[in-house]
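Residue numbers (numbering that gives the first Met the number 0): 0 to 357.
Structure first, commentary second.
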Amino acid sequence: MTTTTSVVRLLDQTEPDAPWPGRATDLISAVRTAGLTGRGGGGFPTWRKLAAVARTRRPVVIGNAAEGEPASRKDLTLLQRRPHLVLDGLLLAARAVNASRCYLYASPAAAAHARRALAQRPGDRVSIVEAPDTFLAGEETAVLNAIAGRRAVPRDRQQPLPQLGFLVQNVETLAHLAQIARYGADWFRDVGSREAPGTYLATVSGAVATPGVYEVPTGTAVDTLLAMAGGVRGHVLVGGYHGTWDSDQSRGAGVVMALPTGACGLVETARVMSYLARQSAGQCGPCRNGLPRIADLLGALARRQATPDTVRALHTLAGLVTGRGACHHPDASVRLLRSTLITFENEVDVHLRGGCTR
């Protein structure tokens, strides 16, 4: 993966990556002033999680680098290039909330980089837990299950995790936190906008000349990301496999996939939907029955073996699945389906007639 950008902070190769001996005073207040939000996709104010966890009796801090999204490489890239920055942020967060336990939960490749860095920090105690290569392994409650030695699948929760004493933060968020501790809130806010300060990492792939992980100011438009990677605006999947086609969202657009010229959006989405159905936790009706049926029907449409009844059935199933899952996976998968049927509406009509425009 390559990185080319006019703003380089997290992935700065000129700054030595080594343990930072400094201490942050009133880190939660500094993070609040900086306006840091979660970089794992939720965009929740980081200081609120820190403050909630700090009020609990036995806090636990977990850095999340599971990165189950197949189209994302940002967490692996970050731990490959700046592992000490991530570990600094993890340990600073633990000190800020007075955590009794500290974990780094990462894919095997990312965990290997973290272990090498941790060996250079003999006084720092971090337990590394390897995440399985599954799509849902990085969901917050799945993370807790894995750390407890159980299957890494989501579980029902009655209270927000911070209120229960668990701080689960994406490693990119922790790296930003470390920089805020080191350089201050004003430094962090010097990039980005007033409403969305700082930078974020975006993985750009597909029909681009230079796919890779790019660091850009928060609020950077998708078109700008494509131009940086040597691509042109066509159909774009924004947000990964749980994202939407041709979205104009910028904040949180950590995954951008440009549809190759000559590729059919229905065929590509059918492939993704089949993957999402196989990757479900299988804990509820929408995952056990709804998503596989949606994948089958969308596959038939992509293969030009569908009828208008097939499309009507897809819309019906989307309504039946929404809001009934044990976790967010069914709803997010249906969001992709609905986006596909709208974005490629003309292609749907062509496929129903037995043709394809690609």
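Just so you know, even glycine gets a beta-carbon here, dropped at the ideal spot from N, CA and C.
Bear in mind that the values here come from a model prediction, so they are computed numbers and not experimental data.
Check your understanding: Which residues in the same chain have their Cβ closer than 6 Å to the Cβ of A110, if we skip the five residues on either side of it in sequence?
Key -> Locating residue 110 in the sequence shown gives position 111, counting from the first residue. Within the same chain, A110 has close Cβ partners I127 and E129.
Check your understanding: Excluding the five sequence neighbours on either side, which residues of its own chain have a C-beta within less than 8 Å of the C-beta of G39, listed in chain order?
Key -> To locate residue 39, count along the sequence shown from 1; it is residue 40. Counting only Cβ-Cβ distances below 8 Å, and skipping sequence neighbours, we find N63, G137, Q168, N169, E171 and T172.
Review point. What's the C-alpha gap between R357 and C263?
Key: Residue numbering aside, residue 357 sits at position 358 when the sequence shown is read from its first letter. Residue numbering aside, residue 263 sits at position 264 when the sequence shown is read from its first letter. When rounded, the distance between both Cα atoms is 6 Å.
Practice item. Within 10 angstroms of the Cβ of I341, are there 16 or more other Cβ atoms? Answer buried if so, exposed if not. Key: Taking the sequence shown and counting its residues from 1, the one referred to as residue 341 is at position 342. I341 comes out exposed.
Point to revise | Rounded straight-line distance, which links the Cα of P216 to that of A195 | key: Here residue 195 corresponds to residue number 196 of the sequence shown, with the count starting at 1. Here residue 216 corresponds to residue number 217 of the sequence shown, with the count starting at 1. Their backbone Cα atoms lie some 9 Å apart in a straight line.
Exercise for review: Mind reading off the beta-carbon distance from V207 to A228? Whole number of angstroms is fine, and I expect it under 8 Å.
Suggested key: Working through the sequence shown from its first residue, we reach residue 207 at position 208. Working through the sequence shown from its first residue, we reach residue 228 at position 229. That pair is a contact at about 4 Å.
Review point. Is the CB-CB distance between W46 and A177 below 8 Å?
Key: Position 47 of the sequence shown holds residue 46. Position 178 of the sequence shown holds residue 177. No. Outside cutoff.
Practice item. Assuming M272 contacts L297 (C-beta within less than 8 Å), just tell me the rounded distance between them. Key: As a working mapping, residue 272 is identified with position 273 in the sequence shown. As a working mapping, residue 297 is identified with position 298 in the sequence shown. Contact flag correct, Cβ pair sits at about 5 Å.
Exercise for review: Indicate whether V7 and E214 have their beta-carbon atoms separated by less than 8 Å.
Suggested key: The residue you call residue 7 lines up with position 8 of the sequence shown. The residue you call residue 214 lines up with position 215 of the sequence shown. Taking 8 Å as the Cβ cut-off, V7 and E214 qualify as a contacting pair.
Point to revise | Extent of the continuous beta strand (DSSP E) to which Y104 belongs | key: Reading the sequence shown from its first residue, position 105 is the one you call residue 104. First-last of the beta strand (DSSP E) with Y104: R100 to A105.
Exercise for review: Going by DSSP, name the residue or residues bridged to V60.
Suggested key: As a working note, residue 60 is residue 61 in the sequence shown. Answer by DSSP bridge pairing, in chain order: C101 and L166.
**Study point:** Three CB pairs or more closer than 8 Å across the segment 79-98 and the segment 113-120
**Key:** yes
Point to revise | Per-residue DSSP class, three states only, for P121 | key: By one-based count along the sequence shown, residue 121 stands at place 122. P121 falls in the coil class under three-state DSSP.
Practice item. Buried or exposed for V347, please, with buried defined as at least 16 other CB atoms from any protein chain shown within 10 angstroms of its CB. Key: Walking along the sequence shown from the start, residue 347 turns up at place 348. Buried.
Check your understanding: Can the beta-carbon of V85 be found closer than 8 Å to that of V52?
Key -> Translated into the one-based positions of the sequence shown, residue 85 becomes position 86. Translated into the one-based positions of the sequence shown, residue 52 becomes position 53. When the beta-carbon positions are compared, V85 and V52 stay at least 8 Å from each other.
Check your understanding: Where R277 and R54 are concerned, what is the direct C-alpha to C-alpha distance, given to the nearest angstrom?
Key -> Residue 277 sits at position 278 when you count from the first residue of the sequence shown. Residue 54 sits at position 55 when you count from the first residue of the sequence shown. Using only the alpha carbons, I get a separation of about 39 Å.
Exercise for review: Apply the 10 Å Cβ neighbour rule to E139 and answer buried if 16 or more other Cβ atoms are within range, or exposed otherwise.
Suggested key: For the purposes of this step, residue 139 is taken as the residue at position 140 of the sequence shown. Counting Cβ neighbours within 10 Å, E139 comes out buried, since at least 16 surround it.
Point to revise | Backbone secondary structure at V203 - three-state DSSP | key: In the sequence shown, counting from the first residue as 1, residue 203 sits at position 204. The answer is strand: DSSP assigns V203 an E or B state.
**Study point:** W19, DSSP secondary structure in three states
**Key:** If you number the sequence shown from 1, residue 19 lands on position 20. Correct three-state label for W19: coil.
Practice item. Under 8 Å by Cβ, that's how I've got G197 and G191 pegged, so tell me the actual separation to the nearest angstrom. Key: By 1-based counting over the sequence shown, the position of residue 197 is 198. By 1-based counting over the sequence shown, the position of residue 191 is 192. Right, their Cβ atoms sit about 5 Å apart.
Exercise for review: State the CB to CB distance for the pair G353 and L316, rounded to an integer number of angstroms; the pair is presumed to be in contact (CB under 8 Å).
Suggested key: Residue mapping note: residue 353 aligns to position 354 of the sequence shown, counting from 1. Residue mapping note: residue 316 aligns to position 317 of the sequence shown, counting from 1. Actually they do not touch by this definition, with Cβ atoms about 23 Å apart.
Review point. Which ranges would you report for the alpha helix (DSSP H) in the segment 288-327 if only whole runs of at least 4 residues count?
Key: 290-301 and 307-320
Point to revise | For V30, the nearest candidate out of P107, Y274, A50 and S246 (CA to CA) | key: On the sequence shown, residue 30 is found 31 positions in, with the first residue counted as 1. In terms of Cα proximity to V30, the closest of P107, Y274, A50 and S246 is A50.
Practice item. State yes or no: is the C-beta of S279 within less than 8 Å of the C-beta of H328? Key: Here residue 279 refers to the residue found at position 280 of the sequence shown. Here residue 328 refers to the residue found at position 329 of the sequence shown. Yes, Cβ-Cβ distance for S279 and H328 is below 8 Å.
Check your understanding: For the alpha helix (DSSP H) that contains V142, what are its first and last residues?
Key -> Here residue 142 refers to the residue found at position 143 when the sequence shown is read from its first residue. Unbroken alpha helix (DSSP H) run through V142: E139 to I146.
**Study point:** In DSSP terms, what V221 is bridged to
**Key:** Taking the first residue of the sequence shown as 1, we reach residue 221 at position 222. DSSP output for V221 lists no bridge partner at all.
Review point. Buried or exposed: which applies to A220, given that a residue is buried once 16 or more other Cβ atoms fall within 10 Å of its Cβ?
Key: One-based indexing of the sequence shown puts residue 220 at position 221. For A220, the number of other beta carbons within 10 angstroms of its own is below 16, and it is reported as exposed.
Review point. Measuring CA to CA, which of F187, L351 and D11 is closest to A305?
Key: Position 306 of the sequence shown, counted from the start, is the residue given in the question as residue 305. Of the candidates F187, L351 and D11, the one whose C-alpha sits nearest the C-alpha of A305 is L351.
**Study point:** Where L340 falls: helix, strand or coil (DSSP)
**Key:** Numbered from its first residue, the sequence shown carries residue 340 at position 341. Here L340 sits in helix by DSSP.
Point to revise | Secondary structure of T1, DSSP reduced to three states | key: Indexing the sequence shown from 1 puts residue 1 at position 2. Per-residue confidence for T1 stands at a pLDDT of 41, beneath the threshold of 50, marking its modelled position as unreliable; no derived number is given.
Review point. Can you tell me where the alpha helix (DSSP H) with A92 in it begins and where it stops?
Key: Stepping through the sequence shown from its first residue, residue 92 is reached at position 93. P82 to V96 is the span of the alpha helix (DSSP H), which, as asked, contains A92.
Review point. For L275, is the beta carbon positioned less than 7 Å from some heavy atom of the ligand MN?
Key: Only the bare structure without any ligand can be found here, which leaves the ligand MN out of the picture.
Exercise for review: Buried or exposed for T13, please, with buried defined as at least 16 other CB atoms from any protein chain shown within 10 angstroms of its CB.
Suggested key: In the sequence shown, counting from the first residue as 1, residue 13 sits at position 14. By the neighbour-count rule (16 or more Cβ atoms within 10 Å), T13 is not buried but exposed.
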